[in-house]
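Asker: Just so you know, the sequences run in chain order A and B.
Just so you know, we're using my numbering here: the first sequence kicks off at 649 and counts up by one.
Just so you know, we're using my numbering here: the second sequence kicks off at 649 and counts up by one.
For glycine and all other residues, C-beta sits at the position ideal for the given N, C-alpha and C.
What follows is a single structure, and I will ask about it in a moment.
There are 2 protein chains.
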Amino acid sequence: MPEPSGRRERKKAATRQKIADTALRLFLERGYDAVGIRDVAAEADVAVTTLFSHFASKEALVFEQDEDFEQRLTQAVTGRAPHEPLIPALHREIQALVRHCTADGAAPIWRLIDGSPALREYEESMRLRHAESLATAIAADLDLSQTTTACRAVARFAIDAYSLAREAADPEAAADEIFRMIEAAWEAACPSRRARGTVPPGRAGAGRAVTSR
Amino acid sequence: MPEPSGRRERKKAATRQKIADTALRLFLERGYDAVGIRDVAAEADVAVTTLFSHFASKEALVFEQDEDFEQRLTQAVTGRAPHEPLIPALHREIQALVRHCTADGAAPIWRLIDGSPALREYEESMRLRHAESLATAIAADLDLSQTTTACRAVARFAIDAYSLAREAADPEAAADEIFRMIEAAWEAACPSRRARGTVPPGRAGAGRAVTSR
DNA sequence: ACCGTAACACTAACGGTTAGTTTTTAAGAA
DNA sequence: TTCTTAAAAACTAACCGTTAGTGTTACGGT
């Protein structure tokens with residue numbers, strides 16, 4: 649089996665990068681809808697088929713940068729300090745991601761995205777996949793001490809927090825507010841676990857059995 | 649100006665219905681991807697452009713039935729019994745909707761949807777629009793006693809509950825479980841309101857000020 | 001030096017969608 | 001009735017994202 653070694657991979661990466669850069673530049677210059685795939689391919693000096701061998705769709709060209717989002721989320725769960733409670737760790741990571749995408753430099757790209765229904769739809773769908781990965785990571789981390797349903801729910805809630813915060817007037821405050829809600833929701837789903845983190849110890853374990861699944 | 653009176657509207661509605669019926673039949677017979685727009689138009693004996701004057705996209709043909717989803721949600725909020733708390737009302741309606749779409753008769757359509765990425769994506773995007781409407785209804789109902797962020801968050805959570813419950817092995821139990829979480833989240837966001845409904849009176853109003861916005 | 005194959009190019013098409021234009025048909029006015 | 005207006009539907013012809021099919025090149029392993 650060919651062990652990867654050098655030139656080929658570099659050339660491939662260079663082509664991919666050139667396509668992504670060209671695409672983003674053209675989109676920002678003329679608007680997403682006003683630029684066709686054929687325009688991008690021509691300007692990047694590659695064939696249309698080559699473009700599609702690097703990117704699955706036109707929308708994927710825009711979300712090149714945003715690639716590690718999914719991994720950062722799951723890492724925040726699986727790679728957190730031992731005994732650190734789940735929700736605050738998630739909260740911290742989402743805050744960082746929100747800050748990252750509301751930074752001044754990223755503004756034009758997000759204006760681009762918000763301006764195109766196709767891009768928004770693509771993003772939503774991508775986030776849902778992220779939520780599924782996150783749910784899996786959470787379920788694995790908790791090691792069967794929690795329902796799959798509850799894990800999938802918090803995962804979705806966390807993604808919701810990200811996307812609502814991104815749109816809010818004060819993104820950081822919005823994320824804080826939503827995560828206060830998520831913390832409460834998680835405790836309600838967790839009758840068998842100690843309460844800890846940003847919320848006072850309150851009533852944990854209301855004695856209701858988990859019925860689903 | 650000509651006041652609309654009868655035949656025209658009936659014929660138009662009939663055309664629309666014929667298109668929708670034909671489309672659904674063909675999709676169920678041959679599969680969504682195997683049926684082209686031109687096939688549907690031909691079988692319904694209309695021009696392609698006519699089809700698109702009735703439906704915005706191919707996917708919209710499938711979600712014809714599901715039309716009143718949005719209105720049922722907002723109605724559940726705005727039209728609930730006086731003094732009935734928000735979350736239980738929402739819970740009840742979502743339960744009804746989940747039951748409706750997991751009923752035996754509806755199974756083939758949902759198999760169709762789950763089988764096509766395009767349809768799933770379309771549905772997600774549609775649900776997000778529903779969540780926005782719901783958030784608006786909730787905000788209006790609460791009359792400024794709650795943050796927009798909190799309203800948008802519960803609205804999303806409710807939609808999440810619907811779509812997670814729909815996929816769960818035991819849909820009703822899953823919806824119950826997630827709504828227990830939502831109830832807790834809502835109380836955490838509601839320092840100024842009495843606790844009531846499906847959850848024991850517990851600690852309401854932890855004395856934390858709402859900071860966002 | 002040779003072969004296998006990954007990367008890319010080229011042509012042509014498919015399928016959803018839309019613009020432009022024209023024909024039909026219902027609703028009201030003369 | 002007949003005429004007028006306008007909505008509904010038809011037809012043509014394309015646009016655009018995407019893919020299949022078919023080479024061609026050049027890198028990497030032997």
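Should the stretch 691-703 of chain B be regarded as contacting the stretch 737-757 of chain B, the criterion being three or more beta carbon pairs within less than 8 angstroms?
Answerer: Because the criterion of three Cβ pairs below 8 angstroms is not met, the stretch 691-703 of chain B and the stretch 737-757 of chain B do not touch.
Asker: At what residue ranges does the stretch 753-798 of chain B contain a whole run of the alpha helix (DSSP H), taking only runs of 4 or more?
Answerer: The stretch 753-798 of chain B contains these whole alpha helix (DSSP H) runs: 755-763, 765-790.
Asker: For a quick check, are the C-beta atoms of A:A836 and A:I742 less than 8 angstroms apart?
Answerer: No, Cβ-Cβ distance for A:A836 and A:I742 is not below 8 angstroms.
Asker: By alpha-carbon positions, which one of B:L699, B:S793, B:R678, B:A690 ends up nearest to B:A661?
Answerer: Among B:L699, B:S793, B:R678, B:A690, the Cα nearest to that of B:A661 belongs to B:L699.
Asker: Among B:I761, B:L767, B:S773, B:A668, which has the Cα closest to the Cα of A:P765?
Answerer: Comparing Cα-Cα distances from A:P765 to each of B:I761, B:L767, B:S773, B:A668, the minimum goes to B:S773.
Asker: Tell me whether B:K659 is buried or exposed, calling it buried when 16 or more other Cβ atoms sit within 10 Å of its Cβ.
Answerer: Exposed, since its Cβ has fewer than 16 Cβ neighbours within 10 Å.
Asker: Give the residues from the stretch 790-819 of chain A that approach chain B closer than 7 angstroms (Cβ to any Cβ), ordered along the chain.
Answerer: The stretch 790-819 of chain A vs chain B, Cβ under 7 angstroms: T795, T797, A798, R800, A801, R804, F805, D808, L812, A816, A817, D818.
Asker: Select from A:T796, A:A779, A:T795, A:L676 the residue whose C-alpha is nearest the C-alpha of A:L721.
Answerer: It is A:A779.
Asker: Is A:H702 helix, strand or coil by DSSP?
Answerer: Helix at A:H702.
Asker: Hey, how far is the Cα of A:D789 from the Cα of A:G727?
Answerer: Distance between the alpha carbons of A:D789 and A:G727 is about 10 angstroms.
Asker: For B:L674, go through chain A and note every residue whose CB falls closer than 8 angstroms to its CB, in chain order.
Answerer: Simply none; closest approach about 25 angstroms.
Asker: If you draw a straight line from the alpha carbon of B:S811 to that of A:R655, how long is it in whole angstroms?
Answerer: Cα to Cα, the separation comes out at about 47 angstroms.
Asker: List the residues of chain A whose Cβ lies closer than 7 angstroms to the Cβ of B:I826, in chain order.
Answerer: Residues of chain A passing the Cβ test: T797, A801.
Asker: When you compare only the Cα positions, how much space is there between B:A801 and A:A690?
Answerer: Each residue's Cα considered, the two are about 44 angstroms apart.
Asker: Contact criterion: CB-CB distance below 8 angstroms. Does B:A837 meet it with respect to chain A?
Answerer: Chain A contact via Cβ: present.
Asker: Is the CB-CB distance between A:R814 and A:T750 below 8 angstroms?
Answerer: A contact, by the Cβ cut-off of 8 angstroms.
Asker: When you check each C-beta in the stretch 730-748 of chain B against every C-beta of chain A, which residues fall closer than 7 angstroms?
Answerer: Those would be none; no residue qualifies.
Asker: Quick one: measure Cβ to Cβ for B:M829 and A:A668, integer angstroms, because I've assumed they're closer than 8 angstroms.
Answerer: Wrong, their Cβ atoms sit about 39 angstroms apart, outside the cutoff.
Asker: Looking only at its own chain, which residues have a Cβ that is under 6 angstroms from the Cβ of A:T663, when we skip the five neighbours before and after it?
Answerer: Once the five neighbours on either side are set aside, A:T663 has no close Cβ partner at all.
Asker: Is B:P819 buried or exposed, if buried means 16 or more other CB atoms sit within 10 Å of its CB?
Answerer: B:P819 comes out buried.
Asker: Applying the criterion that 16 or more other CB atoms from any shown protein chain within 10 Å of the CB defines a buried residue, is B:Q665 buried or exposed?
Answerer: With fewer than 16 other Cβ atoms within 10 Å, it is exposed.
Asker: For B:A823, which residues from the same chain have a beta carbon less than 7 angstroms from its beta carbon, with the 5 sequence-adjacent residues on both sides left out?
Answerer: Excluding positions up to five away in sequence, the list reads I742, Q743, V746, A809, A813.
Asker: Mark A:Q794 as exposed unless 16 or more other C-beta atoms lie within 10 angstroms of its C-beta, in which case mark it buried.
Answerer: Buried.
Asker: Could you give the first and the last residue of the continuous alpha helix (DSSP H) run that contains A:C749?
Answerer: Where A:C749 is concerned, the enclosing alpha helix (DSSP H) stretches over 734-749.
Asker: Quick one: does A:A852 have its CB under 8 angstroms from some CB of chain B?
Answerer: Residue placement at A:A852 is poorly supported in this model, since its pLDDT is 42, which falls under 50; the coordinates are not used for a value here.
Asker: Could you tell me which of A:C838, A:P839, A:E831 sits nearest to A:L738, measuring between CA atoms?
Answerer: It is A:E831 whose Cα lies nearest to the Cα of A:L738.
Asker: By how many angstroms is the C-alpha of B:D716 removed from the C-alpha of B:V688?
Answerer: If you take the alpha carbons of B:V688 and B:D716, they lie about 24 angstroms apart.
Asker: Give, in chain order, every residue of the stretch 757-774 of chain A whose Cβ lies closer than 9 angstroms to some Cβ of chain B.
Answerer: If the cut-off is 9 angstroms between Cβ atoms, the stretch 757-774 of chain A has P765, R768, E769, Y770, E772, S773 near chain B.
Asker: Taking 8 angstroms as the CB-CB cut-off, is A:I786 touching chain B?
Answerer: It does not; no Cβ of chain B falls within 8 angstroms.
Asker: What is the C-beta distance between B:L676 and B:L776, in whole angstroms, given that I count them as a contact (C-beta under 8 angstroms)?
Answerer: At roughly 27 angstroms, the Cβ-Cβ gap does not stay under 8 angstroms, so B:L676 and B:L776 are not in contact.
Asker: Just to confirm the assignment, what range does the alpha helix (DSSP H) spanning B:A661 have?
Answerer: Residues 655-678.
Asker: Are the C-beta of A:L709 and some C-beta of chain B separated by less than 8 angstroms?
Answerer: Judged by the 8 angstroms Cβ criterion, A:L709 is not in contact with chain B.
Asker: Which class does B:A817 belong to by DSSP, given the choice of helix, strand or coil?
Answerer: Of the three classes helix, strand and coil, the one that applies to B:A817 here is coil, per DSSP.
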